[in-house]
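Q:
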Amino acid sequence: MTNGVAAAHDLAARILGGRAEWMKTLFDRAPSAKGTLGLAERGAHTAARLTSEWGKALSHTDDAPPAEGEGRVGRDGVHPVATSTLGGTTRTVSAVCPHLGGVVVWNDESCSWDCPLHASRFEADGTRIEGPATTGLARVP
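Each number in this note's numbering corresponds to the 1-based position in the sequence shown with 858 added.
1) Going by the DSSP bridge assignment, what does residue 990 pair with across the sheet?
2) Select from 925, 938, 898 and 875 the residue whose C-alpha is nearest the C-alpha of residue 917.
3) Just to confirm the assignment, what range does the beta strand (DSSP E) spanning residue 862 have?
4) At which residues does the beta strand (DSSP E) containing residue 952 begin and terminate?
5) With distances taken between CB atoms, is the gap from residue 941 to residue 947 smaller than 8 Å?
6) Got a sec? Which residues, its chain only, sit under 7 Å from residue 923 by beta carbon, not counting five neighbours each side?
7) Take residue 962 as the anchor and find which of 935, 874 and 994 has the nearest alpha-carbon.
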């Protein structure tokens, strides 16, 4: 979104057969070895976090409801589920972020489910608060 206007100017210029000189600064960059390495490192970290959280969720076996103001990730069969208790109500939602499949973690500070991969955040009932996810966490009966 931050470069949306610049992209629109570039597309308009290309359609009209030209190219604004200042556009080269934004769009004609070759990736550097350092930048490529950094991207690979971030990708590896994200993959490790994704694998780690799925493993924790699928190995969790405590079926007791969480205490007031707490949440935890467990499993329902082979599906990771997120269970929290707020205001005396215990809710269970899917623990899988709809954005890219990360397993959410409970944020004690804001009493929300947060995805560690790309920072999507959800209310205890699964309603989307913010982030790249476009939908909330699926409700689990």
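All residues carry an ideal CB built from backbone N, CA and C; glycine is no exception.
A: Let's see:
1) Paired residue(s): none; residue 990 is not in a bridge.
2) 938
3) It is not in any beta strand (DSSP E) - residue 862 instead sits in the alpha helix (DSSP H) that spans 862–873.
4) 947–952
5) no
6) Correct list, in chain order: 941, 943 and 948.
7) Among 935, 874 and 994, the Cα nearest to that of residue 962 belongs to 994.
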